Amino acid sequence: MGAGQPDLVFFTEDGWCLAVECKVQAKVALKQLQRHGKTLQRYGFEEPHLAVIAVDEQPAAVLDFCRFKEW
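Be aware that the sequence shown starts at 53, since it is given in this note's numbering, and climbs by one per residue.
1. Express the C-alpha separation of Q77 and L70 in angstroms, rounding to a whole number.
2. Does the beta-carbon of E109 have 16 or more other beta-carbons within 10 angstroms, so that it is buried, or is it exposed?
3. To the nearest whole angstrom, what separates the beta carbons of P58 and V72, a pair I think is in contact under 8 Å?
4. Would you decide whether T64 is buried or exposed? Buried here means 16 or more other CB atoms lie within 10 Å of its CB.
5. Are the beta-carbon atoms of H101 and F117 separated by less than 9 Å?
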């Protein structure tokens, strides 16, 4: 993968995909999450799932395919 890649991706041959984005110091940016979704779709994952793990609180707007967890 190139630009727009998440930190970690788990996938199966039948098209299931879970990507992980971990933020320790930087803020969660909605545009970055959108890029991750588009990148995963370009690689053939029609309905990717994205887990976002961050120190900061969840931003007001999070995309449908994202799940957010503070740590």
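Glycine residues also receive a C-beta, built at the ideal position from the N, C-alpha and C atoms. These figures come from a predicted structure and were not determined experimentally.
Working from what's here:
1. Whole-angstrom Cα-Cα distance: 22 Å.
2. E109 comes out exposed.
3. 6 Å
4. Exposed: under 16 other Cβ atoms inside 10 Å.
5. yes
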